[in-house]
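Remarks on the structure that follows.
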Amino acid sequence: MSIERFLTGITPSGTPHLGNYVGSIRPSVAASLRTDVQSFYFLADYHALIKIDDPARIQRSTLEIAASWLACGLDPDKVVFYRQSDVPEIPELTWFLSCVLGKGVLNRAHAYKAAVDKNTAAGLDVDSDVNVGLFMYPVLMGADILMFNAHQVPVGRDQVQHIEMARDMANSFNHRYGLHFTAPEAAIEDNVATLPGLDGRKMSKSYDNTIPLFAPRAQLQKLIGGIVTDSKAPGEAKSVEGSALFQIYQAFASPQDTETLRQAYASGIGWGEAKQLVFERIDQELAPLRASYDALMNNPGKIEAIFQAGAVKARAIATPFMAELRHAVGLRDLRAKDAASAKTAKVALPVFKQYRESDGQFYFKFQSADGKLLLQSRGFASPKVAGQSIAALQTQGISALTDLASQVQLADGVATSDLEAALQALREAKAESKTK
Ligand code: TRP
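In structure tokens form, the structure reads like this:
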């Protein structure tokens, strides 16, 4: 299976606001409609426990966030939408990963370091008020990602370090136990809009300047009325530069309409009138979504059922994968060895095929066990050189690609991780036949 997998986690620690909508929900839902990728969306409720010890708030936030994503068009039939705590394999994997990751890596994690720096500055013990959950958080996040072998993880810059750590864990585990994990990549969302809040700073729960995404119409109007402006009177030209109101409008309006407002600013539109325009534009987009949201909020059983169905889909992947990993590390049925080698003896393997073309050159291709083309070489002058390239791939895996870059080409739709998996299967079969 070479289709790209995207994975997104959302920590249920508050009520979604307009900034979350513009920066995360709206673009993610649009991306989830792509048919060439498989998407995983989950509520990271184990993560919420690190910061929140109010059970009702976690439950409420989980409901609100799930209702928001669904109301905004996330289709649970198209994606895998689940709640982290419904997948007990994730904490189990967290332990496996803890045992291959150096503690020093976690000492350097931003969130933990920030807590330590704060304590140090205050003259407190470095670990004062730091729970082990905060320290371990990157490992739990690594397990979230590696459990589903996600290729791409869309994140903001602040989360890139965690993806690097997940790669580190994947590589350490693979190095010890054979190839099981895909090293994930951060898909950095630099071009998504960050929305200013009521006071003009970035809209964020920690600044207490948010506009709840699904505030009722009247409240939305009132909140927009409270966005900071300067004190220019109607008729005076206004600057769009640094205008929070303008930036918010821009996130909802077409380029033409944005241009129209820019001109209205220049020709002195009054703040009251501008705010009304912004309010109507936002409400026009949100009103239908709000109706679905309200209906979902009044029917938590429906969301619960969606999560239960999502858990079945997620565990259809996680349960067998965890069984494979348990086996790999040696947590095995005591009779397993014979059964395992008997099984591998029968399975078909990927193959290298060497041949000569009418141009007189020597070629090879690498095919998966089921005959699919994975890698195609260009022509070599001699069969010996072609053979050396094959040997390099067999022994070094995909790292041999660096030297062979001009001689071989991945087949269409094949990811390097597929190639690596096939080469690995071949290596393992070789190693096994030697021990027999
Ligand atoms: N840590 C992420 C955040 O605070 C949420 C999260 C948890 C996540 N697990 C994840 C994001 C896995 C991407 C992948 O925003």
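Per the working numbering, the sequence shown starts with residue 1, numbered consecutively. Don't be surprised by glycine CBs; every beta carbon is placed ideally from N, CA and C. This structure is a prediction, so every number in the text was calculated from the model and none was measured.
7 Å Cβ shell around residue i - same chain, five flanking residues per side excluded
i, result
"D437", "What is shown of the chain runs 1 to 436, which leaves residue 437 out entirely."
"P300", "L63"
"F352", "F364, F366, I390"
"L245", "I227, T229, A274, K275, V278"
"A425", "L349, P350"
"G178", "A328, Q424, E428"
"G14", "S61, K205"
"F135", "L106, Y112"
Residue i in three-state terms, based on DSSP
i, result
"A111", "helix"
"E236", "coil"
"H180", "coil"
"F148", "coil"
"T402", "helix"
"K103", "helix"
"T229", "coil"
"V116", "helix"
"R83", "strand"
"T344", "Low confidence applies to T344: its pLDDT is 43, below 50, so where it sits in the model is not reliable, and the reading given next is rough at best. Correct three-state label for T344: helix."
"T8", "strand"
"F366", "strand"
"V132", "helix"
"L374", "strand"
"A187", "strand"
"F214", "coil"
"P88", "coil"
"A339", "Note that A339 scores 47 on pLDDT, short of 50, meaning its location in the model is unreliable; the coordinates nonetheless yield the value given after this. Helix at A339."
"P138", "helix"
"K78", "coil"
Enclosing beta strand (DSSP E) for residue i [first to last residue]
i, result
"P154", "152-155"
"F321", "Careful: F321 lies outside any beta strand (DSSP E), inside the alpha helix (DSSP H) at 300-329."
"V37", "37-43"
"F352", "351-356"
"V408", "408-410"
N-terminal and C-terminal residue of the alpha helix (DSSP H) that residue i is part of
i, result
"Q437", "Because the chain in this structure spans residues 1 to 436, residue 437 falls outside the shown range and cannot be described."
"S61", "55-71"
"K384", "383-396"
"K275", "271-297"
"A30", "26-32"
CB of residue i within 8 Å of CB of residue j, strictly
i, j, result
"S377", "S389", "yes"
"L393", "A400", "yes"
"H162", "T182", "no"
"A67", "L296", "yes"
"L349", "D418", "no"
"H327", "A336", "yes"
"D144", "I90", "yes"
"S28", "T8", "yes"
"Y249", "R290", "no"
"M147", "A318", "yes"
"H17", "L223", "no"
"A71", "Y293", "yes"
"H180", "L325", "yes"
"A237", "S267", "yes"
"Y265", "S239", "yes"
"V139", "I188", "no"
is_contact[residue i, chain D] using C-beta, thresh 8 Å
i, result
"A166", "Note that chain D does not occur in the displayed structure, where there is just one protein chain."
Own chain partners of residue i with C-beta closer than 6 Å, once the 5 adjacent residues on each side are dropped
i, result
"V79", "S32, S39, Y41"
"G73", "V29"
"A345", "Note that A345 scores 41 on pLDDT, short of 50, meaning its location in the model is unreliable; the coordinates nonetheless yield the value given after this. Correct list: empty, nothing qualifies."
Spatial neighbours of residue i in its chain, beta-carbon cut-off 8 Å, leaving aside the 5 residues before and after
i, result
"V116", "V126, D127, V130"
"E4", "D36, V37, Q38, H151, Q152, A415"
"M203", "H17, L18, G19, T194, L195, P196, G197, N209, T210, I211"
"Q84", "G9, F42, L43, A44, D45, Y46, H47, I90, D144"
"L49", "I58, G133"
"A253", "L261, R281"
"D283", "R217, L220, Q221"
Q) In chain order, which continuous runs of the alpha helix (DSSP H) of length 4 or greater are located wholly inside the region 239-265? A) Counting only runs of at least 4 residues, the region 239-265 fully encloses the following alpha helix (DSSP H) elements, listed from N- to C-terminal order: 244-250.
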